[in-house]
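A.B. asks: Mind having a look at this structure? Questions to follow.
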Amino acid sequence: MVQDVNPGTILMSAQLRLLPPSLTFRFFMAAAVFHFFFWVAIGFSYDDVSTFSGGPGPVLSAIHILTLGVFAMTIMGAATQLIPVATGLAHRSLWPTQIAWWLFLPGTLIFLTGLNFSEQWIMQLGGLLTAAALLIFGFSIADLLRRSKVLKIPVRFAWLSMASLLVLVLLGLVLLENFIHGFLPDHQAIAASHVILALYGFMGLLLMGFSNILVPMFALSKSPPARNQQIAQWLAPIGLVLAVTGVLVNTEEIVGIAVVIGLIAVILHIQGMLWCLNSGMRKNLGLSFVLVKAGWVMLIVSLIASGLLVFDLLGEQGPAIFGAIVLIGWLATFLLGILQRIVPFLAAMNMSKKTKKPPRLSELGDETKLKLHAVCHGLAFVTITGGIASDKSLPILLGAVIGAVGALFFAWYVVAVARSYMAYHRESEATGPVSGD
Amino acid sequence: MDDLELELCKSLHKDHMITLQLLERLETTLGPKSSDLPDTTGGDFRNLLTDLVTVLEAEVKGHFAFEEEHLFPRFADEIDPAITEMLQGEHEIIRPIATQLTDLARAALKEGFTPDNWDEFRNAGLELVEREVFHVQKEEMGFLPGLDEILDEDEDRELNMMYLSAT
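Rendered as structure tokens:
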């Protein structure tokens, strides 16, 4: 089947479509900081993690530090930059992105505070600001997608993701209202739908779309075979709709079918990605792709875990086990792998001045910090999941401490790249023409 | 990075592949830092040095020169001068590193490495790998597809013949 994706357009327009680095980097820096505070929050609530199954409080706050502060923050920065570069289209204005930032950061902080202390009105205020920011972001991305005539497969994945974002934001607001007024007949079902749409809908579909651009770009391969991706593109939303339907009508079998469909979609997608890695000109892709591949494995594991959870086969700690696998094992691992690749790449794309030789990618930050982060991340995940599964609190605390140490290393690296970028531009004002010496 | 139509673009792509395969070998060899000097008298390492001399000389004297003289000006006129400025700048940075590496490789083929020039070779080699991979990435993702769109068949035939004789 003819491939309809053309990542070859990407760098032709890249230089023209680079946004002011301060606009994209603020999202990535914020994500790195929230990443640290996620582990701190888990550490402070370590006694309640393994029995968590919903409801406001410190654990739900910790989860949203990760989902909003790290995942959504990263996605907002990456999508805002990547989609114009990939489609060759400029944002009509950068004001929506600026406004989204200035709503999202304080909104998230207020929301997390309200969630942590179960203060309804603070939760509501923060939730409204955060929702507004996400909707503004969604609409600015939708405008680019609507005008795009290229990259049909990634664009379609992105549309499905934006649709999920719209519904999950509305459900989130409904859940907040329900904390105050208690009008929903089944709060848990709506909450489960919100989770499914957030993780597998908004995040999962967008990452599948982005992967169709980024993996061939970094591996220097052709686009993955279109057929697999097109089938995945049909199956994934069908799986999502069935999963949400299943939880709303409280029918496990429907959710079970949804899980199987989702697994097929994911396996087809990953097969395409592995094709890119195997056929690409660049084989040595470094630590970032170790994390990306680990993320793919954990994505499959998370879907299996979700099926087991629905049929009550994960035990009393089932919800918490599933949470650890899907949030830390899959999404955090995958996103941090991608982030450590695109942060120096974007910095380097903005460092091509005539007056100064640009540093190498490896000189932008000490990559040992990334290795230390990866080790800590893996250990933290295993320790915490083990603690949850055995219903022991101390491993959860230990895992949180290890995770926090890893997050500090990661943040250190991101800050170092930012500092290298700023130093380069300061020094390039004062130096002569580029020399190869 | 999808199917290229023009023969010139396929030739350039093929040379990129050769360069990248060489750089992958170089990176793997230089990867783990060791105090032992490599044996340049035979085996895989000697083959690597020989290939380095051959490929890098063709790259710098043939490939780079051809792009700068025949392709960058056309691309700049019809698509985007900022892209060719960026690529030209990278050529100017990569060229002396490649020359340094070929000189060291040639000397090592005759006399082997000393601790000092092995360090120099290792540092230059790792720098070349990084910069060249990033450069090839940009050419593959943007420059070649762009050329594929602006050149016609007659120009392609002529330029491809010139390129193949230059390299």
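Top to bottom, those sequences are chains A and B. One point on numbering: in our numbering, the residue at position 61 of the first sequence is 74, and numbering is uninterrupted. One point on numbering: in our numbering, the residue at position 27 of the second sequence is 274, and numbering is uninterrupted. Each residue gets a CB set at the ideal place from its N, CA and C atoms; glycine is no exception.
1) By Cβ distance below 8 Å, which residues in the same chain neighbour HIS260/B in space, the five residues on each side in sequence not counted?
2) Which residues in the same chain have their Cβ closer than 6 Å to the Cβ of SER412/B, if we skip the five residues on either side of it in sequence?
3) Alpha carbon to alpha carbon, how far is TRP99/A from LEU164/A?
4) Please name the residue, chosen from ASN291/A, GLY331/A, ALA345/A and LEU298/A, that lies closest to VAL310/A on a Cα-to-Cα basis.
5) Between GLU376/A and the rest of its own chain, which residues show a CB-CB distance below 8 Å, the 5 nearest in sequence each way excluded?
6) Whole angstroms are fine: how far does the CA of ARG159/A sit from the CA of ASP450/A?
7) So, with DSSP's three-state summary, where would you put ILE326/B?
8) List the residues of chain B whose Cβ lies closer than 9 Å to the Cβ of ARG439/A, in chain order.
9) Provide the residue span of the alpha helix (DSSP H) that contains GLU377/B, from first to last.
10) Kindly indicate which three-state DSSP category THR258/A falls into: helix, strand or coil?
11) Nearest by alpha-carbon distance to SER315/A: which of LEU276/A, GLN284/A and CYS389/A is it?
12) Is it buried or exposed for MET216/A, if we count other Cβ within 10 angstroms and need 16 for buried?
13) Whose Cβ in chain A lies nearer than 8 Å to the Cβ of VAL380/B?
14) Would you report the Cα separation of LEU184/A and VAL208/A, rounded to the nearest angstrom?
15) What number of angstroms, rounded off, separates the C-alpha of ALA436/A from the C-alpha of MET364/A?
16) Mind checking which residues open and close the alpha helix (DSSP H) that includes THR346/A?
17) How many Å lie between THR288/B and ARG373/A at the Cα?
18) Measuring only between beta-carbons, confirm whether LEU267/B sits less than 8 Å from chain A.
19) For GLY293/A versus PHE347/A, is the C-beta spacing smaller than 8 Å?
20) Report yes or no: is there a C-beta of chain B within less than 8 Å of the C-beta of MET435/A?
21) Does the beta-carbon distance from PHE65/A to GLN133/A come in below 8 Å?
22) What runs of the alpha helix (DSSP H), each 4 residues or longer, lie entirely inside the region 209 to 284 of chain A?
23) So, under 8 Å CB-CB, GLY378/A and ALA417/A are touching, yes? Tell me the CB distance rounded to an integer number of Å.
24) Assign GLU332/B to one of three DSSP states: helix, strand, or coil.
25) Closer than 6 Å by C-beta to PHE47/A: which residues in its own chain qualify, once you throw out the five before and the five after it? Chain order, please.
26) So GLU306/B contacts chain A; which residues on that side make the cut at Cβ distance below 8 Å?
27) Starting from the N-terminal side, write out each stretch of the alpha helix (DSSP H) that is 4 residues or longer and does not extend beyond the region 106 to 137 of chain A.
28) Comparing C-alpha positions only, which one of GLU377/B, LYS357/B and PRO320/B sits nearest to LEU273/B?
29) If you follow the alpha helix (DSSP H) that VAL388/A is in, where does it begin and where does it stop?
30) The alpha helix (DSSP H) spanning THR414/B covers which residue range?
31) Could you give the distance in angstroms between the alpha-carbon of LYS280/B and the alpha-carbon of ALA205/A?
32) For the pair the region 166 to 174 of chain A and the region 217 to 237 of chain A, tell me if three or more CB-CB distances fall below 8 Å.
33) From which residue to which residue does the alpha helix (DSSP H) around THR87/A run?
34) Pull up the distance between the alpha-carbon of GLN347/B and that of GLN284/A, whole angstroms please.
35) Which residues in chain A sit within 9 Å of HIS263/B, going by Cβ to Cβ distance?
36) Find the nearest neighbour of ASN370/B within the set ILE330/B, ALA352/B and GLU358/B, judged by alpha-carbon distance.
C.D. replies: Taking the geometry as given:
1) Along the second sequence, read from residue 1 onward, the residue named residue 260/B stands at position 13. Excluding residues within five positions, the ones whose Cβ falls inside 8 Å are LEU251, GLU387 and LEU391.
2) As a first step, residue 412/B must be located in the second sequence, where it is residue number 165. Contacts found: none.
3) In the first sequence, counting from the first residue as 1, residue 99/A sits at position 86. In the first sequence, counting from the first residue as 1, residue 164/A sits at position 151. The sequence shown places Ala at residue 99/A, not Trp. If I take the Cα positions, the gap works out to 8 Å.
4) Your numbering for residue 310/A matches position 297 in the first sequence. Closest option to VAL310/A, Cα to Cα, is ALA345/A.
5) Indexing the first sequence from 1 puts residue 376/A at position 363. Here the set comprises SER433.
6) Within the first sequence, residue 450/A is the residue found at index 437, counting from 1. Within the first sequence, residue 159/A is the residue found at index 146, counting from 1. Because ASP450/A sits at a pLDDT of 39, beneath the cut-off of 50, its placement in the model cannot be relied upon, and the point is left open.
7) Locating residue 326/B in the second sequence gives position 79, counting from the first residue. It is coil, neither helix nor strand.
8) As a first step, residue 439/A is located in the first sequence; it is residue number 426 there, counting from the start. Here the premise fails: no neighbours, minimum Cβ distance about 19 Å.
9) Numbered from 1 along the second sequence, position 130 holds the residue referred to as residue 377/B. Run containing GLU377/B: 362 to 385, per the alpha helix (DSSP H) assignment.
10) Here residue 258/A corresponds to residue number 245 of the first sequence, with the count starting at 1. Note: THR258/A maps to helix in three-state DSSP.
11) Against the first sequence, residue 315/A aligns to sequence position 302. Out of LEU276/A, GLN284/A and CYS389/A, LEU276/A has the C-alpha closest to the C-alpha of SER315/A.
12) Walking along the first sequence from the start, residue 216/A turns up at place 203. Buried: at least 16 other Cβ atoms inside 10 Å.
13) For the purposes of this step, residue 380/B is taken as residue 133 along the second sequence, with counting starting at 1. In chain order: ARG295.
14) The residue given as residue 184/A occupies position 171 in the first sequence. The residue given as residue 208/A occupies position 195 in the first sequence. Straight-line Cα distance between these residues: approximately 10 Å.
15) As a first step, residue 436/A must be located in the first sequence, where it is residue number 423. As a first step, residue 364/A must be located in the first sequence, where it is residue number 351. ALA436/A and MET364/A: Cα-Cα distance of roughly 11 Å.
16) As a first step, residue 346/A is located in the first sequence; it is residue number 333 there, counting from the start. Per DSSP, the continuous alpha helix (DSSP H) segment holding THR346/A begins and ends at 346 to 362.
17) Working through the second sequence from its first residue, we reach residue 288/B at position 41. Working through the first sequence from its first residue, we reach residue 373/A at position 360. Their backbone Cα atoms lie some 32 Å apart in a straight line.
18) Within the second sequence, residue 267/B is the residue found at index 20, counting from 1. Chain A contact via Cβ: present.
19) Translated into the one-based positions of the first sequence, residue 293/A becomes position 280. Translated into the one-based positions of the first sequence, residue 347/A becomes position 334. In this structure, PHE347/A does not lie closer than 8 Å to GLY293/A by Cβ.
20) Reading the first sequence from its first residue, position 422 is the one you call residue 435/A. Not closer than 8 Å to any Cβ of chain B, the Cβ of MET435/A fails to qualify, so no.
21) Within the first sequence, numbered from 1, the residue matching residue 65/A stands at position 52. Within the first sequence, numbered from 1, the residue matching residue 133/A stands at position 120. No.
22) Runs of the alpha helix (DSSP H) inside the region 209 to 284 of chain A: 219 to 232 and 239 to 261.
23) What you label residue 378/A is simply residue 365 of the first sequence in a count that begins at 1. What you label residue 417/A is simply residue 404 of the first sequence in a count that begins at 1. About 20 Å; that fails the 8 Å criterion.
24) In the second sequence, counting from the first residue as 1, residue 332/B sits at position 85. Three-state result, GLU332/B: helix.
25) As a position in the first sequence, residue 47/A is number 34, starting the count at 1. ILE78, GLY82 and VAL83, listed in sequence order.
26) Against the second sequence, residue 306/B aligns to sequence position 59. Simply none; closest approach about 14 Å.
27) 108 to 129
28) Indexing the second sequence from 1 puts residue 273/B at position 26. Cα-wise, what sits closest to LEU273/B is GLU377/B.
29) Here the question's residue 388/A lines up with position 375 in the first sequence. That run of the alpha helix (DSSP H) goes 380 to 402.
30) Taking the first residue of the second sequence as position 1, residue 414/B is located at position 167. Looking at the DSSP string, THR414/B is not in any alpha helix (DSSP H), and its letter there is neither H nor E.
31) Position 33 of the second sequence, counted from the start, is the residue given in the question as residue 280/B. Position 192 of the first sequence, counted from the start, is the residue given in the question as residue 205/A. Cα to Cα, the separation comes out at about 51 Å.
32) yes
33) Position 74 of the first sequence holds residue 87/A. Note, THR87/A: alpha helix (DSSP H), 86 to 100.
34) Working through the second sequence from its first residue, we reach residue 347/B at position 100. Working through the first sequence from its first residue, we reach residue 284/A at position 271. Looking at the two C-alpha atoms, the distance is approximately 42 Å.
35) By one-based count along the second sequence, residue 263/B stands at place 16. Here the neighbours are LEU233 and MET294.
36) Here residue 370/B refers to the residue found at position 123 when the second sequence is read from its first residue. Nearest neighbour of ASN370/B by Cα position, chosen from ILE330/B, ALA352/B and GLU358/B, turns out to be ALA352/B.
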